[in-house]
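**Student:**
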Amino acid sequence: MSTAAANFDCADIYQEHAYLVRLTKGREAKVQVFEVFGRPPTEREPQWAPETILRCEAARDVWDVAAPEARAEFNRRLKAEHKLAGRWGADETAVQRLFGKELLVLLWAIELPDVKPEEIGVAIRNWLGLKPEERWWLYTMTAAGTGLAHQAGMGWRGALRQALCFGTRHDAFHLGAVTGRGTLEPRVNERFVQPKRKASRKKADDTGLFFAPPLPAE
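Per my numbering, residue 790 is the first one in the sequence shown, and the count goes up by one each step.
1) Contact defined as beta carbons within less than 8 Å: I believe L901 pairs with G942. What is the distance between those atoms, to the nearest angstrom?
2) From the DSSP output, in three-state form, read off G971 for me.
3) Assuming V851 and I802 are in contact, meaning their beta carbons sit under 8 Å apart, how far apart are those beta carbons, in whole angstroms?
4) Please list, in chain order, all residues of the same chain as V854 whose beta carbon is under 7 Å from its beta carbon, the five residues on each side excluded.
5) Among the residues of its own chain, which have a CB less than 8 Å from the CB of A952, if the five just before and after it don't count?
6) Starting from the C-beta of L892, find all residues in its chain whose C-beta is less than 6 Å away, skip the five residues before and the five after it, and write them out in chain order.
7) If you drop the 5 nearest sequence neighbours on each side, which residues of the same chain put their C-beta closer than 7 Å to that of Q940?
8) Which residue's Cα is closest to the Cα of Y808: K814, D798 and G815?
9) Could you pull out every residue in the same chain whose Cβ sits closer than 7 Å to the Cβ of P975, ignoring the five residues on either side in sequence?
10) Give the range of the alpha helix (DSSP H) segment to which A848 is assigned.
11) Which residue wins for smallest C-alpha separation from P839, given the options A795, V825 and P906?
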């Protein structure tokens, strides 16, 4: 059985517009995600180096939780397209462009150090519940204004956290307990019709007194 390549549908990141996941080592180990504008070299270039943009930088603890879920999601779709499965490398992993966008949507939501473990689990669940097209749209909106690594928690990045991390036990509530619920002042309904009362079984004599009808003879 052949070992899965350390990439996700990206054979040569130098020649493809894709994303690069890099894992650093040391006491403050991090995951870094770069957008790489790969392209074929021209005939006049003895060597070439594609431009990169650092899109995200998060703690390895966050990555270790999110990475298996992302791998399972990407490989499920690669299998459906009859493509080779991918895996995360120990140092660097090339990720095809659309997968890279989706990965960043998840990481942007959980990158800040004050995100709790429960929130990370909820964010992964909510991320898996989105369609790929929805993740692409969220990436486009976020990257347009706050798509650089140092813009963590700003603008759409903060909105992603609020959206994907919502649904913990702390967030649960009952509609009946919501403050501020009430009604407007009552208004008279001019079309209201008083319901008719049911007729009494008792009968009145000439004196106006009521008497019960006689019981049937046995």
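We put the beta carbon where it would ideally sit given N, CA and C, even for glycine. Please read all numbers here as calculations on a predicted model, not as lab measurements.
**Tutor:** The answer reads as follows:
1) In this structure L901 is in contact with G942, their Cβ atoms being roughly 5 Å apart against a cut-off of 8 Å.
2) G971: coil per DSSP, three-state reduction.
3) Contact between V851 and I802 does not hold, since their C-beta atoms are separated by about 23 Å, which reaches or exceeds 8 Å.
4) Contacts found: I909.
5) Hits under 8 Å: A898 and N915.
6) A859, listed in sequence order.
7) Answer for Q940: R946, listed in chain order.
8) Closest in alpha carbon position to Y808, among K814, D798 and G815, is D798.
9) Cβ within range, chain order: n/a, list empty.
10) Run containing A848: none in the alpha helix (DSSP H); it sits in the beta strand (DSSP E), E840 to A848.
11) Taking only the C-alpha atoms, the option nearest P839 is V825.
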